[in-house]
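Peer 1: Residue numbers (our numbering): 2 to 61. What follows is a single structure, and I will ask about it in a moment.
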Amino acid sequence: MVVLIFGLLIAEIWFDILEEGVFGKILMTAGLVIVLDIIVLAILRDVKQESDQTDKDLIQ
């Protein structure tokens, strides 16, 4: 959840600063892709941890 809030904050800052110009749009797009990757990886990590915990519970 913290990663999601942090990612949205970064995306908002990128949008405000780099709103104008072609170079700014390229940087903004790259920044948003990085932020979305971070969010997806954090979600996948949480899902994997829950899955590992479920496997441990089933083994016991």
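Ideal Cβ placement from N, Cα and C applies to all residues, glycine included.
Contact defined as beta carbons within less than 8 angstroms: I believe alanine 12 pairs with leucine 33. What is the distance between those atoms, to the nearest angstrom?
Peer 2: Taking the sequence shown and counting its residues from 1, the one referred to as residue 12 is at position 11. Taking the sequence shown and counting its residues from 1, the one referred to as residue 33 is at position 32. So it is a contact: roughly 6 angstroms between Cβ atoms.
Peer 1: Taking the C-alpha atoms as reference points, what is the distance between lysine 26 and phenylalanine 16?
Peer 2: Mapped onto the sequence shown, residue 26 falls at position 25. Mapped onto the sequence shown, residue 16 falls at position 15. Approximately 9 angstroms, taken between the alpha carbons.
Peer 1: On the premise that glycine 8 lies in contact with valine 48, defined as a C-beta separation below 8 angstroms, what is that separation, rounded to the nearest angstrom?
Peer 2: Locating residue 48 in the sequence shown gives position 47, where the first residue counts as 1. Locating residue 8 in the sequence shown gives position 7, where the first residue counts as 1. Contact doesn't hold; Cβ gap of about 17 angstroms is too wide.
Peer 1: Is the Cβ-Cβ distance between isoleucine 40 and leucine 10 less than 8 angstroms?
Peer 2: As a working note, residue 40 is residue 39 in the sequence shown. As a working note, residue 10 is residue 9 in the sequence shown. No, these two residues do not count as a Cβ contact at 8 angstroms.
Peer 1: Does glutamine 61 come out as helix, strand or coil in the three-state DSSP assignment?
Peer 2: Within the sequence shown, numbered from 1, the residue matching residue 61 stands at position 60. Three-state DSSP puts glutamine 61 in coil, outside helix and strand.
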